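**Student:** If you scroll down you'll find the structure; I have some questions about it.
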Amino acid sequence: MKNIRLGVNIDHVATVRNARGEKYPSPLRAALIAQKFGADSVTIHLREDRRHIKELDLKQIKSKLRIPLNLEIAATNEMIKIAIKYKPAFICLVPEKRKEVTTEGGLNLRYKKKFLKSNINKLKKNNIRVSLFVEPSLRDIRESKILNADCVEIHTGKICNLINQKKNYKTEIKRIKEAAKLGNKIGLEVHAGHGLTFKSTKILSKISGIKEFNIGHFLVGESIFSGLGNTIKKFKKLII
Ligand code: PXP
Numbered sequence: 563m564k565n566i567r568l569g570v571n572i573d574h575v576a577t578v579r580n581a582r583g584e585k586y587p588s589p590l591r592a593a594l595i596a597q598k599f600g601a602d603s604v605t606i607h608l609r610e611d612r613r614h615i616k617e618l619d620l621k622q623i624k625s626k627l628r629i630p631l632n633l634e635i636a637a638t639n640e641m642i643k644i645a646i647k648y649k650p651a652f653i654c655l656v657p658e659k660r661k662e663v664t665t666e667g668g669l670n671l672r673y674k675k676k677f678l679k680s681n682i683n684k685l686k687k688n689n690i691r692v693s694l695f696v697e698p699s700l701r702d703i704r705e706s707k708i709l710n711a712d713c714v715e716i717h718t719g720k721i722c723n724l725i726n727q728k729k730n731y732k733t734e735i736k737r738i739k740e741a742a743k744l745g746n747k748i749g750l751e752v753h754a755g756h757g758l759t760f761k762s763t764k765i766l767s768k769i770s771g772i773k774e775f776n777i778g779h780f781l782v783g784e785s786i787f788s789g790l791g792n793t794i795k796k797f798k799k800l801i802i
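So the sequence shown is numbered by the working numbering: it starts at 563 and just counts up by one.
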């Protein structure tokens, strides 16, 4: 039994909705279906430019969802304020660049160190579990512990690209294994996410010490063909 939890990221349900400025497809409906079909948490990323999830989605999902809501946010005063207002169970702090298509790398933990430390503590005082989205770097794992985070989410974008392109991913998987091992050793809960497909999830689920995957783009895309519930069930089978 691997017993890895599945966080279902529904940002791209909002992307499709926003493409036409309609009220559908509804991220709230997606969140409730995810809950019904075995998701362990639902993830939404409230970006500074609100390009997919809006504050109203956050409000509605928070009030109706019974499994934990994981809110991804940039480390800014505005976003910390919103997090404390809505109090999701989990926060994942991510880097954000306005022009990027998606979160391109892990947080730079040395930049804004003071800000991170005080705000991580502030979020924790509000009973919010705090995770930092980091590269599979031993230095960043150690730094996350010093900053008093509860968890780290290892950025899997690079390895997923290598797997998709059928390239050698030995070096990258070694980095992830070592990062996960260190994280566990120093008392951080280790998660992983970004770019995951059925194939990369299966490969990464064999790494010991990873407790949670957060999966969005591929999962929502696959749902067009197989349905959201079936796709979640298929991912769950790979990781339990
Ligand atoms: N984890 C984090 C921290 C992310 O920023 C994202 C993308 O929003 C994901 C996981 C999910 O990545 P993907 O949509 O590629 O599955």
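Every residue, glycine too, gets a C-beta built ideally from N, C-alpha and C.
Because the structure is a prediction, the values reported are computed rather than measured.
Just to confirm my understanding: we take glutamate 640, look at its own chain, exclude 5 residues before and 5 after, and list those with CB closer than 8 Å. What are they?
**Tutor:** Only Glu610 meet the Cβ criterion.
**Student:** Taking the beta carbon of leucine 633 as the centre, do at least 16 other beta carbons fall within 10 Å, making it buried, or is it exposed?
**Tutor:** It is buried - the Cβ of leucine 633 has at least 16 other Cβ atoms within 10 Å.
**Student:** Please determine if the segment 777-794 and the segment 742-752 are in contact, where contact requires at least 3 C-beta pairs separated by less than 8 Å.
**Tutor:** No, they do not touch.
**Student:** Less than 8 Å separating the beta-carbons of aspartate 619 and isoleucine 629?
**Tutor:** Against a cut-off of 8 Å, the Cβ pair of isoleucine 629 and aspartate 619 comes out as no contact.
**Student:** Along the chain, where does the alpha helix (DSSP H) that runs through glutamate 610 open and close?
**Tutor:** Counting along the chain, glutamate 610 falls outside any alpha helix (DSSP H), and DSSP gives it neither H nor E.
**Student:** Near phenylalanine 797, which residues of its chain fall below 6 Å by C-beta distance, leaving aside the five closest residues on each side in sequence?
**Tutor:** The answer, listed in chain order, is Leu568.
**Student:** Would you call the segment 681-701 and the segment 638-658 touching, i.e. three or more CB-CB distances under 8 Å?
**Tutor:** Segments in contact, yes.
**Student:** Taking isoleucine 623 as the reference, give the member of Arg612, Ser588, Arg613 with the closest Cα.
**Tutor:** Here the closest residue by C-alpha is Ser588.
**Student:** According to DSSP, is lysine 796 part of a helix, a strand, or is it coil?
**Tutor:** Of the three classes helix, strand and coil, the one that applies to lysine 796 here is helix, per DSSP.
**Student:** What's the gap between the Cα of phenylalanine 695 and the Cα of alanine 636?
**Tutor:** Those two C-alpha atoms are separated by around 10 Å.
**Student:** Taking the alpha-carbon positions, what's the aspartate 712 to glutamate 658 distance?
**Tutor:** In a straight line, the C-alpha of aspartate 712 is about 21 Å away from that of glutamate 658.
**Student:** Quick one: give me the first and last residue of the alpha helix (DSSP H) that alanine 645 is part of.
**Tutor:** Note, alanine 645: alpha helix (DSSP H), 639-648.
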